[in-house]
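A.B. asks: If you want full-length UniProt numbering, it's the position in the sequence shown, counting the first as 1, plus 1.
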Amino acid sequence: GFKMGIVGLPNVGKSTLFNALTKTAAAQAANFPFCTIEPNTGEVNVPDARLDKLAAIASSKEIIPARMTFVDIAGLVKGASKGEGLGNQFLANIRETDAIAHVLRCFDDGDVTHVDGRVNPVEDAEVIETELMLADLESIEKRRAGLVRKLKGNDKDALQQDRLLAAAQEALENGQPARTVEVDEEDKKAWKLLQLLTTKKILYVCNVDESDAATGNDYSKAVEEMAAAQGAASVVISAKIEEEISQLDDEDMEMFLEELGLTEAGLDRLIRAGYELLHLETYFTVGPKEARAWTIREGTMAPQAAGVIHGDFERGFIRAETIAYDDYVELGGEGPAKEAGKMRAEGKGYMVKDGDVLHFLFNA
Ligand code: GDP
């Protein structure tokens, strides 16, 4: 599954947000009781109205949404790369995530202490980014030192790694995150394997007060500008609202949101923004037993998409019977879609599209 790490300075609202995410998940999950995989790790449902629609058409007994994992990575403070606060363990946790949700304090509250004594989300973002850059620099230096012997032997992989590490190092020494380095197509795989912290995509989460949830505020606007300049994503959320609505059932939640001028829970927007940021897509398997959503990366071919369900589906892949979401819904289900000639048999070379309803045929 895909994993987002929640980072941010102390007292910005990370735990509040994480608790809201996991409580909502616990309330929603009839089929998947919310399970704490490890402390501070939680799985949440990915909201998708299309799945409910498909399930209604097929009269599916069960609805199983796609899942996304969130990890609350506390302890990142100024000096973390030098082992201050909870230090390096946390940097290791970030390394394992697919993207970073960076929570920024965008609310004034005299009762909640800010670690630096002032509210300035853009500077806070820089503090964390600097720690991540320092951590990358340190790991690059270590790794390059470790490559010296192999380089003398002209080892091809080592030469490639060292060249990429050097490019990252140069950017970092100029105060730029490693994601600013332009990487050639043939280097992309090796680049990813370096797992540098500052190559992770960032979703800035502007945590605002209840009263600013619908509109954002000057703090969140400054963050949006910064995010746009970096090619990062941003969402405005009130962690406190999310915590309150995580206790409510769907109907009460809608009323509560409406009173606040909101059309949708912030968590839904957060998860969707994560999907966009990671270029994730959804395909569906639909039948009378269950309707289920599966997550793939944009550009995934049919056999690899099948592999998300089970390795055997990928290894023994024969073909995918495919109905586009719109056809399925407009024609009123699999039978009518098939009759109308809208069920296609697609082979190994088919790139799965967002919303596809699929049946896989495979050799067991
Ligand atoms: P963490 O250290 O980043 O995990 O921060 P917490 O989630 O523990 O929040 C720190 C404090 O800020 C708690 O007392 C929260 O209730 C409070 N807090 C969180 N979000 C908001 C908000 O949007 N507005 C206000 N006024 N307080 C908030």
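Think of the CB as a built atom: it goes at the ideal place given N, C-alpha and C, for glycine as much as any other residue.
These numbers come from a predicted model, not from an experiment.
(1) Locate the alpha helix (DSSP H) running through S221, then write down its first and last residues.
(2) Counting along the chain, where does the alpha helix (DSSP H) carrying T131 start and finish?
(3) Would you call L22 buried or exposed, if buried means 16 or more other Cβ atoms sit within 10 Å of its Cβ?
(4) Would L204 and S235 qualify as a contact pair, given that the criterion is a beta-carbon distance under 8 Å?
(5) What's the call for H103, buried or exposed, on a 16-neighbour Cβ count within 10 Å?
(6) Report the CB separation of L263 from E243 in whole angstroms; it is logged as a contact under 8 Å.
(7) Taking the alpha helix (DSSP H) that F108 belongs to, which residues open and close that run?
(8) Where does the unbroken beta strand (DSSP E) through K202 begin, and where does it stop?
(9) Assuming contact is defined by CB atoms lying nearer than 8 Å, are L261 and A214 in contact in what I supplied?
(10) Have a look at G312, I310, V330, A303 and flag the residue whose alpha-carbon is nearest the alpha-carbon of E322.
(11) With distances taken from CA atoms, which of I101, K79, L55, E97 is nearest A274?
(12) Buried or exposed for E132, please, with buried defined as at least 16 other CB atoms from any protein chain shown within 10 angstroms of its CB.
(13) When DSSP labels each residue in this structure, what does G6 get in the three-state scheme?
(14) To which residues does DSSP link S235 through a beta bridge?
(15) Roughly how many angstroms separate the alpha carbons of E347 and L92, rounded to a whole number?
(16) Under 6 Å Cβ to Cβ from A28, same chain only, skipping five residues before and after it: list those, please.
C.D. replies: According to the structure data:
(1) Where S221 is concerned, the enclosing alpha helix (DSSP H) stretches over 219-231.
(2) 122-153
(3) With 16 or more Cβ atoms within 10 Å of its Cβ, L22 is classed as buried.
(4) Yes, these two residues count as a Cβ contact at 8 Å.
(5) buried
(6) Rounded, the Cβ-Cβ distance is 11 Å, inconsistent with contact.
(7) Segment: none, F108 is in no alpha helix (DSSP H) and carries neither H nor E.
(8) 202-208
(9) yes
(10) A303
(11) I101
(12) buried
(13) strand
(14) Y205
(15) Going by the C-alpha atoms only, they are around 43 Å apart.
(16) Low confidence applies here, because A28 scores a pLDDT of 47, under 50, leaving its location unreliable and the question unanswered by this model.
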